Ligand SMILES: Nc1ncnc2c1ncn2[C@@H]1O[C@H](COP(=O)(O)OP(=O)(O)OP(=O)(O)O)[C@@H](O)[C@H]1O
Ligand SMILES: [Mg+2]
């Protein structure tokens, strides 16, 4: 099943008077249960593209459909609702909520958007805390943990509601090899068990080697789509 369809997708920012063409005429489709990676130099448009797919930033023109929903017609409130239900987002700069503990940050999507019963919420948060090796840090606040630990909390928060699409902007940049591989394994099992699709922006060869499709971004243009994973 096709989960994401982009057609002639463009994003132009205005930097003062000067237009910045961050994404130019992007055309691609992404199926459910896939592992896809966007790679490209700094400023090539990776975050811009993920932010549009994740309903955080509207396209300037073209069409973008996620899970059968045309994103170009969504108002900001509908977009937030759709994102909360369908998408887990791992931000490049984590975006943890400073006044909430590690546990509460991970619990947040279940409480705010999904309205899970308390006991199930607790069980699910604890499962994710264990999966990212953060069980012993659950009561700490974001300013009391390291960059790699914040990244692991951000990953747990994105996965906790079992979304059908996870967008991950450089998700392993701050992680040691062992932790990164553990998290990739966790993501692959979600893909295999629940059909979740993962779209990464990354330079990390550990992720690129695991992706079935790699798109290269160059000055906002999606250049190539190629290769079947070695171990898929
Ligand atoms: N809010 C904004 N206003 C103006 N220009 C922007 C804005 N966000 C991004 N840009 C510009 O759009 C282009 C693409 O930026 P983007 O953040 O998508 O790159 P990236 O590939 O994610 O880079 P990095 O690897 O450094 O994270 C850049 O030229 C950037 O300066
Ligand atoms: Mg970026």
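In the working numbering, the protein residues as written are 832 to 1063. Quick reminder that beta carbons are idealized off the backbone N, C-alpha and C, glycines included. These numbers come from a predicted model, not from an experiment.
Residue 863 is a Cβ neighbour of residue 1028, given a cutoff of 8 Å.
Its Cα nearest to that of residue 1054, the residue 875 stands out among 936, 847, 875. In this chain, the alpha helix (DSSP H) harbouring residue 907 covers 907-917. Scanning its chain for C-beta atoms nearer than 8 Å, with the 5 sequence neighbours on each side dropped, one finds around residue 901 the residues 894, 895, in chain order. Residue 912 and residue 938 have their C-alpha atoms some 17 Å from each other. Per the coordinates, the alpha-carbon of residue 1038 lies some 7 Å from the alpha-carbon of residue 1015. Relative to ligand 2, even the nearest heavy atom lies 7 Å or more away from the CB of residue 995. Counting only unbroken stretches of 4 or more residues, the alpha helix (DSSP H) elements lying wholly within the segment 950-1003 are 978-990, in sequence order.
Straight through space, the alpha carbons of residue 1030 and residue 969 are spaced by roughly 27 Å. Annotation for residue 1017: 962 place their beta carbon closer than 7 Å to its own, counting only its chain and skipping 5 residues before and after.
According to the DSSP assignment, residue 924 belongs to no alpha helix (DSSP H), since it is labelled neither H nor E.
Under the three-state reduction of DSSP, residue 938 is assigned to helix.
Residue 978 sits exposed, since fewer than 16 C-beta atoms from the chains shown fall within 10 Å of its C-beta. For residue 867, the secondary structure class from DSSP, reduced to helix, strand or coil, is strand. Minimum Cα-Cα distance from residue 971 among the listed residues 845, 868, 906, 935 corresponds to 935. For the pair residue 834 and residue 898, the CB atoms are nearer than the 8 Å cut-off.
If the five residues before and after residue 980 are omitted, its C-beta is found closer than 7 Å to the C-beta atoms of 965, 968, all from its own chain and listed in chain order. Judged by their CB atoms, residue 890 and residue 841 are nearer to each other than the 8 Å cut-off. Per DSSP, residue 1032 is one residue of the beta strand (DSSP E) stretching across 1028-1032. When the Cα atoms are used, residue 1001 and residue 948 turn out to be separated by approximately 32 Å. For residue 1047, no alpha helix (DSSP H) segment is defined; the enclosing uninterrupted segment is the beta strand (DSSP E) at 1044-1049. Excluding the 5 residues flanking it on each side, residue 983 has same chain C-beta neighbours closer than 8 Å at 963, 964, 965, 1006, 1010, 1014, in chain order.
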